[in-house]
Ligand SMILES: Nc1ncnc2c1ncn2[C@@H]1O[C@H](COP(=O)(O)OP(=O)(O)OP(=O)(O)O)[C@@H](O)[C@H]1O
Ligand SMILES: Nc1ncnc2c1ncn2[C@@H]1O[C@H](COP(=O)(O)OP(=O)(O)OP(=O)(O)O)[C@@H](O)[C@H]1O
Ligand SMILES: [Fe+3]
Ligand SMILES: [Mg+2]
Ligand SMILES: [Mg+2]
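Residue numbers (the working numbering), protein chains in the order written: chain A, 1 to 517; chain B, 1001 to 1371; chain C, 2001 to 2371; chain D, 3001 to 3324.
Spelled out as structure tokens, the structure:
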């Protein structure tokens, strides 16, 4: 049951959320400045280019198809993880989260190296689907664990078979989680560059990169990026609309979670295939290819373990910093969205999500612009880079924080207040404490994504500082795949740690469900 | 519309059995209420009958159809069963009418337009039946708890099931709504002529609504009888305490009487076979027994002085507490070591401190004394 | 520990007012039970007193402290109020002892080690008070519903509040547990000497537990009186029906008697001022009134033949339904157009079809007839 | 590589003792040279590596506040772009004059450092040197339908189109672009991807810069290379592009910056580029890498490098053909 407060939000919370939102909107402001400087005619001229409609079409097609296929794979996988009798469930859960650790450009590279003929739409769709499935699987599995099978039972007794019963009984319960996951996948696909570029599939992000690359045309790039923002905006609003309806409908059901685990029987083999194959394809193929390259390489350029260690340390520190910033920004927005309704709340939440639809280079440049104008002393320091990660990936935290907060019954807050604790103290002692697994999961999700980030890192990192991603790039850029392998494998290993914790954090969030059932 | 027979049913989830050889027989058209403490297996029994849980052993027969027996398990959707869970479990995204139509056989099969017309009429008839004619277009979120329960019942009845299973359908409602709905559900089931099982936590509800009452404990059915028999002649002391307020006094058996702190009382012997395997015939004179007295069987008469007590036949006692419930009240009475609860009507209400004589009206029951 | 006064309280969420000028006065140390249909504003009243909702107008005074008045709204954490919500709302991440300590003043302020010792003692005392001495280390998820409610109460009492507010604290429990806990909560509050308000859906609970009963409807407090007065002399016919079973018969007023289908009965006049603004004094002879009879005020005597009916004084009637609840039963009796419910004890149970004479015992109440 | 803990990275504008370089060339390629520079001169450097376009965008965004003192670029376009934005300071004439005209800026806003030739990479298993066209004009023929790969967004590819426009006229250039666009080309994101396609047998012809082949060969071994190179002397498709360096506005007169640029065009550095990155040295008197045609043989006397700055028209041509 959603725990909503009806009253107007406290001013401090609203102000904090609006400030967070304004910070998250820096890239949008930057785009406005750029598009403004381009002038109206240039904007119109963009649409005269025969390529632009093709780019938009390709972008939409890719985002839509990747979203659909991740849902098609993620939902059944989540069902198996949450509701089937499985041996070694913990192992499967970790496996399901593992693709998060693989950057799309690495997965794409691995597949391309294995199957050089892969190119175009199908290749991009295939690889992005593989790496993005966990965005759906993890939240849906959590929703399934918290849900009830009571409605399915009713449908069964009313003459429906198991599948029809699921569609009627369980689907409405997990729909918000499916939507949230689909939103992340969709925005991820819109903004991804590395995966699509390697497969030579032309979308808006590749065109933006080209605009910077050959034409040095910042204005054209900004106009294309704005198109991307409009697409992202459409997606975010559509999701909110769909979620709003789902939430309203489902608020009514007050089922104590009663669940049975399904015996798989003859379906065991297909189930195992479904759980194992996407993860194996996303993780094992690139890793294998890289390791093989490592041994095949003719010119093993000098490998300095110290560099690897330093880059690993930087990666961990910077991504942790990014996660902290993202959480700090997302907290007021998530709490607001969890507890209050209204136009302002909706607008704040929408803006918070938009940065995720932007390619890293745009966010990077916007923060160059902003930090030089506002805090020149911090320019090209780790602070600005961590802040950039925070802005870029905050949307991934909003959903988790919103969900975790919404689960905490408001009656607990009321009790704490009558026991003598003010609003902030109550939030800290009760709400934050109970939402902790969800907030931690959100932080991990940001960290794992920030570790893989490249374009903004290149622009904003302190001069001379390397991360695993930049080291990897500087080697693959000159075809030194053998030399790149240790960095790639380390990156996947390091990112696998938060991915692993993530699969566990979600599983452990049941404490609250039990206690408030 | 059909007799329901359950024979030697054994059900378990993981290791231990949750139901241990439960047998029952509900005649066509009657309503069985099942009571028992939390976790005793009530829901499990219903779910097994519905086919939502597989039995380990035993048989379930609905009318002439064997739905569960050795190695056979008919799918729930083929059992012709209506299921009304505690929380109504209406489909939140369907309107009331659509929820009900969901259960209609016409909503499956047959051509679309014919189906629609048939459905509309059927739904209207069912809505009228549960007294919600005007609410067809509402969403479940817009219903009160009682209304939601009625819709759930209509939905379950829509498919013209042979048996309706109700799992604590009134659990979530407030007492007034509950009493109200209880009556109308009973009538509805009778009108529909359908055989039913109702699980409830509330023994008063079970006694008042059902043709038969089953009392469960720890996976076993301790007694299955008419409401009066269950209340008046509980099979075991535990059942006695579960279906109503009860006072147990130690006593000794003397022919058709027992001797206890309240004097020598006419008594019936109830062999507690399940618990002690003692012989069915009455015990020898002088044997220890447990005497069951219900609070409403205690008659209190105010006394002026201690002396009078003996004259009336019971021990002298003092009223130490009053719990008022409107139409009657429970008085706590202390006589020496003895602490008794006596139910009195508004007219018989006595203030705390009143000295009273305690007398037992009617015959009491004697059970084997616990070791 | 303090008197609670509410004067002309008006509260609303969005457009309309949810509480419309509610006033009440709970003397120091007594317990007020509030009953009323769902949505009438009971929770809103408690939340406003706790400071969790802002009032639009009116005053709230706890002891000598004015906590709500025009333009002033003391934050909930400063009101010295204990709050026990329906679902216990224990902090799931804290043990039982920590939950209780959460509310202890000693857990805030003061030096750490001294604080710990003081806290431990206080918690032990409170745990003992609610009879859960051994469960301090359990987590809420490991408690039964009744135990959780006790912990919630101990937590609310820990801060030595001036007033304790209980919002349907037994709503989620089954009837047996409920009756059990009800008694112990009453005792606890009395021992702690704390002023309390208890919201409940269950009128029998309200009548049995409280010093004062308030009956609310649609944001208004219709009656605030002792339990007996509320049951025996309900302020309006609606209140009468809400706090117990009631039969209303049309009748005419004749001095201190009413004439109705059950004959001429001695009656008291209750001016229903709130609803009709009729004068306080008794109506003129022959005026139409509504006569309230409670089911337990109807005495039934079986008849051999129709003729006898007149002799006993009441009309002849037939028993048409029996609703058995164990210690008593409700008989439905039909006499011509009249359909009555009569409460009888087990001893007075009559089979369906019995012809009976109906007589009213005691004085009845007469209310202004509805237009 | 230079690694530093994130906390220590403060803008080097304050630290006057280190020279800050934005390097749009790969660390693996120029890193050793930069280390050598420090060793030889004692001047400490901080290097920010990224792609030239990214650094170009970064420099434009930073404007005069950039902490960078020298910009080392992969191609002339990025250098021209920041020069046009007025962000460079002039290279002293005596230094600029070291590099022959045509390989450096005509206003001394930046200086050319190395040359790289546009070439055809062909699938050595499908084609022989004889069957490979020696002019890009031929690639518009139906015979090559679906067989030619190139990166339309790549700066050196666009330089080649500009050369085409300058040498053959706007109309002819547009015609060729339309024809090649209609010839079902395989579009890639960069030269490396183009080469890989040829190397994997996915494309028969790839239009790339010559040194990619050598990088690839260094990784995989020359004998394992399926792709082979065809130089195109005199053809617009075979023009020579340059990489270069600029001293940024804020570093005007900075001796360290000047020393660095001097170093780049020193004999030592030029030899390094020949031997380690397989590029053409621009300092007269240094021999081209072994096995490559001489730089002079590739230079088109009719083409002035300054003409190559009319980038916008080129992009318009490509955009109109649906390639951009
Ligand atoms: N899905 C399940 N898996 C394992 N054990 C279960 C499951 N469902 C119920 N049980 C166990 O079976 C026993 C009986 O449960 P059941 O739900 O039938 O009890 P109940 O009588 O309906 O209780 P309540 O009155 O609380 O609803 C309990 O001990 C319970 O813990
Ligand atoms: N947060 C809120 N915002 C708007 N309206 C509300 C809110 N809370 C309650 N209401 C409305 O105020 C009225 C009184 O609600 P309240 O919860 O006080 O009733 P209640 O008497 O406690 O009912 P119940 O017995 O069902 O708990 C209802 O009509 C309800 O819909
Ligand atoms: Fe290049
Ligand atoms: Mg149950
Ligand atoms: Mg309430």
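Backbone N, C-alpha and C define an ideal beta-carbon position, used for all residues, glycine too. Note that this is a predicted model, so its numbers are computed, not measured.
At least one heavy atom of ligand 5 lies less than 8 Å from the C-beta of residue 2167 of chain C. Put simply, the CB of residue 1208 of chain B is near chain C, with a gap under 9 Å to one of its CB atoms. Listed along chain A, no residue sits closer than 7 Å to residue 3226 of chain D by beta-carbon distance, the nearest being about 11 Å off. Rounded to whole angstroms, the separation of the alpha carbons of residue 1347 of chain B and residue 2224 of chain C is 23 Å. Within the chosen limit of 8 Å, ligand 4 reaches the beta carbon of residue 1086 of chain B through at least one heavy atom. Within the segment 3195–3258 of chain D, the complete alpha helix (DSSP H) segments of 4 residues or longer fall at 3210–3220, listed in chain order.
The C-beta of residue 1253 of chain B has 16 or more other C-beta atoms within 10 Å across all chains shown, which makes the residue buried. DSSP places residue 1205 of chain B in the helix class (H, G or I) of the three-state scheme.
For residue 42 of chain A, no Cβ of chain C is located within less than 9 Å of the residue's own Cβ. Taking a Cβ-Cβ threshold of 8 Å, the residues of chain C close to residue 422 of chain A are 2075, 2077, in chain order. For residue 1081 of chain B, the enclosing beta strand (DSSP E) has its first and last residue at 1081–1084. Residue contact with chain D for residue 91 of chain A: absent (no Cβ-Cβ distance below 9 Å to any residue of chain D). For the 9 Å CB-CB criterion, residue 1231 of chain B and residue 1214 of chain B do not form a contact. Going by beta carbons, residue 2158 of chain C and residue 2104 of chain C fall inside the 9 Å limit.
With a threshold of 8 Å, the Cβ atom of residue 1037 of chain B counts as near ligand 1, since some heavy atom of the ligand is closer than that. Among the bridge pairs identified by DSSP, residue 2367 of chain C is matched with C:2290.
Not a single heavy atom of ligand 5 lies less than 8 Å from the C-beta of residue 1042 of chain B.
Its Cα nearest to that of residue 445 of chain A, the residue A:181 stands out among A:357, A:88, A:181. Cα atoms of residue 2137 of chain C and residue 2242 of chain C: separation of roughly 43 Å, rounded to the nearest angstrom.
The three-state reading of DSSP puts residue 2221 of chain C in strand, counting E and B together. Contact check for residue 2335 of chain C against residue 2301 of chain C fails: the beta carbons are separated by 9 Å or more.
With respect to chain C, the C-beta atom of residue 1184 of chain B has no partner C-beta closer than 9 Å. By the criterion of a C-beta distance shorter than 6 Å, residue 327 of chain A is surrounded in its chain by 397, 443, once the five residues flanking it on both sides are discounted.
Taking the Cα positions, residue 1042 of chain B is about 26 Å away from residue 2329 of chain C. Using beta-carbon distances, residue 19 of chain A does not count as an interface residue toward chain C, since no partner is under 9 Å. The DSSP assignment places 2042–2050 as complete runs of the alpha helix (DSSP H) inside the segment 2028–2100 of chain C, in order along the chain (cut-off: 4 residues). For residue 2323 of chain C, there is no enclosing alpha helix (DSSP H); the enclosing beta strand (DSSP E) covers residues 2316–2324. It is roughly 13 Å from the alpha-carbon of residue 1006 of chain B to the alpha-carbon of residue 1032 of chain B. By the beta-carbon neighbour count (other beta carbons within 10 angstroms, threshold 16), residue 2238 of chain C is buried. Residue 1144 of chain B sits in coil when the DSSP states are folded into three classes, being neither helix nor strand.
Annotation: Cβ neighbours of residue 2083 of chain C in chain A (cutoff 7 Å, chain order): 414, 415, 418. Any Cβ of chain A closer than 9 Å to the Cβ of residue 3279 of chain D would place that residue at the interface, and such an atom is absent. For residue 3054 of chain D, the enclosing alpha helix (DSSP H) stretches over residues 3052–3062. Residue 2013 of chain C counts as exposed, since fewer than 16 other beta carbons sit within 10 angstroms of its beta carbon. Relative to the Cα of residue 306 of chain A, the nearest Cα in the group A:291, A:471, A:149 belongs to A:471. Here residue 3315 of chain D is buried. Its C-beta has 16 or more other C-beta atoms within 10 Å.
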